[in-house]
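This report concerns only the one structure given below.
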């Protein structure tokens, strides 16, 4: 079944919509078996077996392929550094009109194997990638799980559309009127963006930029110390991390926080997230935990009804195609685009920081003779985001990844400050040896 792309269309012309997950495996699985498991797992998911087609009016659709998609799988002898992998992969464009939405790099040495998954955001969000990873490892562990799917089968991509949105939220009269006005003005410009322009934006964007990636890992002892400290103060680890980031900044910057709006029983791949904004200056006249309480209250209010976060998706579902697309063309000048961006997007200046915290990965860590040792989650630097911090925990290993553009002075020392502040929190756990080691 052909499915129209609306709310997710903002990823279509974004040159930096690549998500990366690095999965370190123990048990040294056979490379051929991993490849076979990848092909079988990809075949299961409708969204990965579609091409992205555009009609003459500029509407875009997920169109099921005639045959199951065989993804590109690269094998690399030697484990790659995260910075090297991400830098290389971000500069390789996905040919989404050909159905190219995901690819893989298997890296190995004498001791371990690493499965690297690189996916365009139109293929799904971070939790979608975890669903795919679990399917791969289930098939790897139990080859009988591999089922061959018939070509030409009926496929149905699960998206957040108006029908889904309007179950939970509605736009007020002012927003509706503003959208009608913007759409009417945009129609007057009669501009439709095409795939050839998408390729030019991609090439220009990456010719001018280099990325810089930093990884912070906490082992089981450190993680449990951190959790004990959080529990003693009756706050969540997520909000402690948000406060640590806030404290580590030299000024109060707008921070977008990714929120999951996926229904609990939804196990399909797709995009089921939206963002809310935090811009709270760290009060240096108060202690750290008083600041955590402020963040805790702000986040609690935002997440009180997570379905209200769907309002961003509902707005995008009602915006003219070209108006959504133009927001990703930095050289395109239009008062209508500026007005839309300031009212309903991240504004001309963009979003300085994005925080994506999956928390404990909602998948298994153990698959028979194979285990996931850790996952490094690299959330993308979209065209109007300048620092993206992504966090995931699995197998009692907490990993924070920070991605920035090289040379951005605002974030030059941010990673080191975050690391230092997290260690300061760890030092408050009296039950841990870590405190003694830090004091030495």
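In UniProt numbering, the protein residues as written are 1 to 440.
Yeah, the Cβ is synthetic: ideal placement off N, Cα and C, and Gly gets one too.
This structure is a prediction, so every number in the text was calculated from the model and none was measured.
Under the 8 Å Cβ criterion, the segment 12-23 counts as touching the segment 198-209, having at least three qualifying pairs. Distance from the Cα of residue 127 is smallest, within the candidate group 19, 430, 315, 338, for 19. Listed in chain order, the non-local C-beta contacts of residue 351 below 7 Å within the same chain comprise 254, 256, 384, 385, local neighbours out to five positions each way being set aside. Looking from the CA of residue 369, the closest CA among 53, 137, 116 belongs to 137.
Spanning the alpha carbons of residue 329 and residue 252 requires a straight line of approximately 27 Å. Under the DSSP assignment, residue 261 falls outside any alpha helix (DSSP H); it carries neither an H nor an E label. Straight through space, the alpha carbons of residue 181 and residue 171 are spaced by roughly 15 Å. CA-to-CA, the gap between residue 215 and residue 401 works out to about 5 Å. Looking at the DSSP output, residue 26 sits in a beta bridge with 371. Per DSSP, residue 403 lies in no alpha helix (DSSP H); the unbroken beta strand (DSSP E) holding it starts and ends at 397-405. About 6 Å separates the beta carbon of residue 115 from that of residue 25, a gap short enough to meet the 8 Å contact definition.
Within the DSSP secondary-structure output, residue 75 pairs in a beta bridge with 106. The Cβ atoms of residue 388 and residue 379 lie closer than 8 Å to each other.
Beta-bridge pairing by DSSP links residue 420 to no other residue. Remark: C-beta atoms of residue 418 and residue 392 do not approach each other more closely than 8 Å. Under DSSP, residue 90 forms no beta bridge with any residue. Taking the CA atoms as reference points, residue 316 sits about 38 Å from residue 284. Residue pairing by DSSP places residue 124 opposite no residue, since no beta bridge is assigned to it. At the C-beta level, residue 124 and residue 269 come within 8 Å of one another.
In this chain, the beta strand (DSSP E) harbouring residue 386 covers 385-394. Looking from the CA of residue 6, the closest CA among 242, 366, 157, 266 belongs to 157.
Selection 23, 11, 8 evaluated against residue 397 yields 23 as nearest (Cα-Cα).
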